[in-house]
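The sequence shown begins at 2 in our numbering and counts up by one.
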Amino acid sequence: MNISWLHAAASLGLAYLGMLGLCLGMARHYRQRYHHPLTPGRGRGLRLAGWSGCLLALVPCLAGWGAAQGVVLWIGLLSAAATGLVFLLAWRPPWCTRGGALAALAVLAWLGSLASGG
Numbered sequence: 002m003n004i005s006w007l008h009a010a011a012s013l014g015l016a017y018l019g020m021l022g023l024c025l026g027m028a029r030h031y032r033q034r035y036h037h038p039l040t041p042g043r044g045r046g047l048r049l050a051g052w053s054g055c056l057l058a059l060v061p062c063l064a065g066w067g068a069a070q071g072v073v074l075w076i077g078l079l080s081a082a083a084t085g086l087v088f089l090l091a092w093r094p095p096w097c098t099r100g101g102a103l104a105a106l107a108v109l110a111w112l113g114s115l116a117s118g119g
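Here it is, written out as structure tokens:
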């Protein structure tokens with residue numbers, strides 16, 4: 002696998018996790034997924050984690066493509082992650098967090114490639 006595609010997969014994973022955090026930080030979507038109300042502290046934590054994930058998604062894009070192309074790719078991947086999450090939330094809400102597990106695997110694969118010197 003070309004390393005720049007691994008960067009894109011990690012960025013998409015981080016963007017999805019960020020969008021998932023922002024989504025679950027809203028009381029309506031949290032109740033839709035977990036069937037109990039969202040506490041104010043948990044909502045703030047989820048929104049903070051969501052914004053952090055969205056911003057961290059920029060790092061693999063910059064590492065793989067540089068500043069000019071990386072920012073454009075980052076915006077596209079944020080849009081793709083949000084679109085996928087919206088469709089999953091409307092179709093099968095429990096699958097949203099399963100998608101988050103897959104996204105975390107992509108990020109871990111990218112981190113593993115960095116640790117191995119790739």
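Idealized CB from N, CA, C, for every residue including glycine.
Quick caveat, the model's predicted, so the values are computed rather than measured.
query: Do the stretch 2–22 and the stretch 49–65 make contact, defined as three or more Cβ pairs closer than 8 Å?
result: yes
- prompt: With distances taken between CB atoms, is the gap from residue 83 to residue 20 smaller than 8 Å?
  reply: yes
task: Would you identify the three-state DSSP class for residue 84, choosing helix, strand or coil?
output: helix
query: To which residues of the same chain is residue 100 closer than 8 Å at the C-beta, ignoring the five residues directly before and after it?
result: 17, 21, 85, 86 and 89
query: Can you give the beta carbon distance from residue 48 to residue 39, rounded, assuming they're within the 8 Å contact cut?
result: The Cβ separation is near 10 Å, so there is no contact.
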